[in-house]
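Below is one structure, written out as structure tokens; the observations come after it.
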Amino acid sequence: MSEDKVEALALARQRLTAANDKQTFHQHTATQGELWSDEPLLTPSPAPARYVSRRRRSIFEQSQGRCHYCGAALDLTGKWHIEHQLPRALGGTDEGLNLVAACVPCNLSKSDRTAIEFVTQGRGE
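FYI, the numbering for the sequence shown is 183 to 307, going by this note's numbering.
Pasting the structure below:
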């Protein structure tokens, strides 16, 4: 055989071997899906229940789960304020009878007014 044919055959063998090696590599290489299932290893746990103090729970229950001023439903573990009917700035205390549950907008609108002033003057003033 001539040198050209020998070189061509050798080159063809190299290419076939390389192609076979590549095909064998891909056949034996596992994909991520074959190695790991799609199922999560850990099941996400629900968020832990938020701690609610006895005092906050008591005020919530005393207000029957509603804002003292507008009557909006409140969530025990949600965002609402413990409100002083007579503000501390005007001599109000932290005693149970002076404390009520209030939604955030009502409490922020009330500011340092008494409960009676807030109700009679209106929320936005």
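Beta carbons: idealized from backbone N, C-alpha and C, even for Gly. Predicted model only: the values in this text are computed from it and were never measured.
Residue i (DSSP reduced to helix, strand or coil)
i	result
residue 286	helix
residue 281	strand
residue 197	helix
residue 248	strand
residue 255	strand
Outcome for residue i when other beta-carbon atoms lying within 10 angstroms are tallied against a minimum of 16
i	result
residue 240	exposed
residue 292	buried
residue 265	buried
residue 258	exposed
residue 184	exposed
residue 245	buried
residue 255	exposed
residue 297	buried
residue 252	exposed
Cβ-Cβ separation, residue j to residue i (assumed contact under 8 Å), whole Å
i	j	result
residue 249	residue 284	5 Å
Contact under 7 Å by Cβ, residue i with residue j
i	j	result
residue 268	residue 274	yes
Cutoff 7 Å: residue i Cβ touching any chain B Cβ
i	result
residue 197	Note that chain B does not occur in the displayed structure, where there is just one protein chain.
State whether the region 261-279 contacts the region 223-236, with contact taken as three or more CB pairs (one from each stretch) at a distance under 8 Å. no
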